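S.K.:
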Amino acid sequence: MKVILKQDVENVGRKGDILNVAAGFGRNFLLPRKLALEVTPSNMKMVDLERKSLKKKVEQERLSYRDVIERLSQVSLSFARKAGEKDHIFGSVSAGDIKDALDKLGFEIDRKRIVLDEPLKRLGNYRVAVKVYHDDKAEIKVAVVKEEDPAEPPAEPSPAAG
(Lines of atoms letter the chains of each structure in order from A and count residues from 1; the text may use other names and numbers.)
(Lines give C-alpha, C1' and ligand atoms only; values in the text may rest on other atoms or scores of the structure.)
Protein backbone atom coordinates (compact mmCIF):
# COMPACT_ATOMS: atom_id res chain seq x y z
CA MET A 1 0.00 0.00 0.00
CA LYS A 2 1.40 3.40 -0.95
CA VAL A 3 0.94 6.25 1.51
CA ILE A 4 2.06 9.85 1.95
CA LEU A 5 3.17 10.70 5.49
CA LYS A 6 1.44 13.75 6.97
CA GLN A 7 3.83 13.86 9.97
CA ASP A 8 7.20 12.48 10.97
CA VAL A 9 6.74 8.89 12.14
CA GLU A 10 9.65 7.47 14.09
CA ASN A 11 11.40 4.55 12.37
CA VAL A 12 9.12 4.97 9.33
CA GLY A 13 9.79 8.31 7.61
CA ARG A 14 9.42 12.06 7.56
CA LYS A 15 6.52 14.31 6.67
CA GLY A 16 5.86 14.31 2.92
CA ASP A 17 7.62 10.99 2.23
CA ILE A 18 5.86 8.60 -0.13
CA LEU A 19 6.28 5.08 1.19
CA ASN A 20 5.24 1.58 0.34
CA VAL A 21 4.01 0.05 3.62
CA ALA A 22 2.25 -3.17 4.57
CA ALA A 23 -1.48 -2.91 3.95
CA GLY A 24 -2.37 -3.71 7.56
CA PHE A 25 0.07 -1.15 8.96
CA GLY A 26 -1.31 1.54 6.67
CA ARG A 27 -4.97 0.68 7.14
CA ASN A 28 -4.87 -0.08 10.89
CA PHE A 29 -2.25 2.35 12.19
CA LEU A 30 -1.27 5.20 9.86
CA LEU A 31 -4.62 6.11 8.28
CA PRO A 32 -6.84 5.99 11.45
CA ARG A 33 -4.34 8.14 13.37
CA LYS A 34 -4.22 10.60 10.45
CA LEU A 35 -0.47 10.12 10.15
CA ALA A 36 -0.72 9.35 6.42
CA LEU A 37 -2.89 9.66 3.32
CA GLU A 38 -3.41 7.14 0.53
CA VAL A 39 -1.64 8.04 -2.69
CA THR A 40 -4.16 9.60 -5.12
CA PRO A 41 -3.61 12.29 -7.77
CA SER A 42 -5.41 14.95 -5.67
CA ASN A 43 -3.46 14.02 -2.54
CA MET A 44 -0.22 14.17 -4.54
CA LYS A 45 -0.98 17.75 -5.67
CA MET A 46 -1.83 18.79 -2.12
CA VAL A 47 1.36 17.21 -0.77
CA ASP A 48 3.48 18.93 -3.45
CA LEU A 49 2.15 22.33 -2.38
CA GLU A 50 2.71 21.54 1.29
CA ARG A 51 6.20 20.22 0.57
CA LYS A 52 7.23 23.47 -1.16
CA SER A 53 6.01 25.63 1.71
CA LEU A 54 7.52 23.25 4.27
CA LYS A 55 10.88 23.38 2.51
CA LYS A 56 10.95 27.19 2.80
CA LYS A 57 9.90 27.01 6.46
CA VAL A 58 12.56 24.38 7.27
CA GLU A 59 15.31 26.47 5.68
CA GLN A 60 14.26 29.53 7.69
CA GLU A 61 14.20 27.50 10.92
CA ARG A 62 17.58 25.95 10.15
CA LEU A 63 19.09 29.42 9.64
CA SER A 64 17.64 30.64 12.94
CA TYR A 65 19.05 27.61 14.76
CA ARG A 66 22.49 28.14 13.18
CA ASP A 67 23.11 30.96 15.68
CA VAL A 68 22.16 28.72 18.62
CA ILE A 69 24.51 26.00 17.34
CA GLU A 70 27.40 28.44 17.09
CA ARG A 71 26.77 29.82 20.60
CA LEU A 72 26.45 26.31 22.06
CA SER A 73 29.70 25.24 20.40
CA GLN A 74 31.50 27.92 22.42
CA VAL A 75 30.15 26.58 25.75
CA SER A 76 32.53 24.91 28.16
CA LEU A 77 31.08 23.43 31.36
CA SER A 78 32.95 22.24 34.42
CA PHE A 79 31.60 19.94 37.12
CA ALA A 80 33.44 19.37 40.41
CA ARG A 81 32.85 15.93 41.90
CA LYS A 82 34.43 13.93 44.70
CA ALA A 83 36.67 11.26 43.25
CA GLY A 84 38.24 8.08 44.50
CA GLU A 85 41.06 5.98 43.19
CA LYS A 86 41.72 5.73 39.46
CA ASP A 87 39.71 8.90 38.77
CA HIS A 88 36.32 7.27 39.40
CA ILE A 89 33.89 9.86 40.72
CA PHE A 90 31.30 9.27 43.41
CA GLY A 91 28.02 9.63 41.56
CA SER A 92 28.05 10.84 37.98
CA VAL A 93 27.43 13.77 35.66
CA SER A 94 24.16 13.11 33.82
CA ALA A 95 22.27 14.77 30.99
CA GLY A 96 20.11 16.42 33.67
CA ASP A 97 23.19 18.03 35.24
CA ILE A 98 24.30 19.33 31.85
CA LYS A 99 20.78 20.63 31.14
CA ASP A 100 20.71 22.50 34.47
CA ALA A 101 24.09 24.10 33.73
CA LEU A 102 22.93 25.12 30.24
CA ASP A 103 19.72 26.59 31.73
CA LYS A 104 21.83 28.81 34.00
CA LEU A 105 23.66 30.05 30.89
CA GLY A 106 20.36 30.97 29.21
CA PHE A 107 19.93 28.00 26.86
CA GLU A 108 16.58 26.23 26.96
CA ILE A 109 17.53 22.73 25.85
CA ASP A 110 15.43 19.66 26.58
CA ARG A 111 17.32 16.99 28.52
CA LYS A 112 16.44 14.41 25.86
CA ARG A 113 18.34 16.42 23.25
CA ILE A 114 21.63 15.97 25.10
CA VAL A 115 23.31 12.95 23.50
CA LEU A 116 24.90 11.09 26.37
CA ASP A 117 24.97 7.29 26.02
CA GLU A 118 25.65 6.91 29.73
CA PRO A 119 26.42 9.33 32.57
CA LEU A 120 30.03 10.49 32.92
CA LYS A 121 31.66 8.54 35.77
CA ARG A 122 35.34 9.47 35.47
CA LEU A 123 37.37 12.63 35.78
CA GLY A 124 38.39 14.11 32.46
CA ASN A 125 37.40 16.24 29.49
CA TYR A 126 34.52 15.20 27.27
CA ARG A 127 32.76 16.45 24.16
CA VAL A 128 28.99 16.07 24.39
CA ALA A 129 26.66 16.47 21.41
CA VAL A 130 23.43 18.45 21.76
CA LYS A 131 20.72 18.00 19.12
CA VAL A 132 19.49 21.45 18.22
CA TYR A 133 17.43 20.94 15.08
CA HIS A 134 16.67 17.55 13.49
CA ASP A 135 20.13 16.36 12.39
CA ASP A 136 21.99 19.57 13.31
CA LYS A 137 24.08 19.16 16.45
CA ALA A 138 26.38 21.32 18.53
CA GLU A 139 29.25 19.97 20.60
CA ILE A 140 29.90 21.36 24.06
CA LYS A 141 32.98 20.77 26.16
CA VAL A 142 32.40 19.18 29.56
CA ALA A 143 35.17 18.91 32.15
CA VAL A 144 34.74 16.71 35.20
CA VAL A 145 37.29 17.81 37.80
CA LYS A 146 38.15 16.63 41.28
CA GLU A 147 36.37 18.52 44.03
CA GLU A 148 38.68 19.98 46.62
CA ASP A 149 37.91 18.55 50.07
CA PRO A 150 37.47 21.48 52.50
CA ALA A 151 38.16 19.21 55.52
CA GLU A 152 41.62 18.44 54.20
CA PRO A 153 44.09 21.21 55.08
CA PRO A 154 46.19 22.54 52.23
CA ALA A 155 49.67 21.08 52.07
CA GLU A 156 52.13 23.36 53.82
CA PRO A 157 55.55 23.86 52.34
CA SER A 158 58.30 22.06 54.18
CA PRO A 159 60.89 24.26 55.87
CA ALA A 160 63.90 24.84 53.68
CA ALA A 161 67.09 23.27 54.87
CA GLY A 162 69.42 26.01 55.48
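According to the numbering used here, the stretch in the sequence shown is residues -17 to 144, in order.
All residues carry an ideal CB built from backbone N, CA and C; glycine is no exception.
Since the structure is predicted, the reported quantities are computational estimates derived from the model, not experimental observations.
1. Please list the terminal residues of the continuous beta strand (DSSP E) segment that includes ILE122.
2. Alpha carbon to alpha carbon, how far is THR22 from GLY29? Give it in angstroms, no decimals.
3. Which term fits ARG63, buried or exposed, when burial requires 16 or more other beta carbons within 10 angstroms of its beta carbon?
4. In its own chain, which residues sit with a C-beta less than 7 Å from the C-beta of GLY8, not counting the 5 before and 5 after it?
5. Decide if the segment 42 to 53 is in contact with the segment 101 to 110; the criterion is three or more beta carbon pairs, one per stretch, under 8 Å apart.
6. Taking the C-alpha atoms as reference points, what is the distance between ALA137 and GLU129?
7. By Cβ distance below 6 Å, which residues in the same chain neighbour ASP(-1) in space, the five residues on each side in sequence not counted?
8. Short check: CB of ALA120 to CB of LEU54, under 8 Å?
9. With 16 other CB atoms within 10 Å as the buried threshold, where does LEU87 fall?
M.R.: Taking the geometry as given:
1. 118 to 128
2. A quick correction: the sequence has Val, not Gly, at residue 29. Their Cα atoms are separated by approximately 10 Å.
3. buried
4. MET(-17), VAL(-15), ALA18
5. no
6. With a pLDDT of 49 at ALA137, under the threshold of 50, the modelled position of that residue is not reliable, and the figure given next carries that caveat. Looking at the two C-alpha atoms, the distance is approximately 16 Å.
7. LEU(-13)
8. yes
9. exposed
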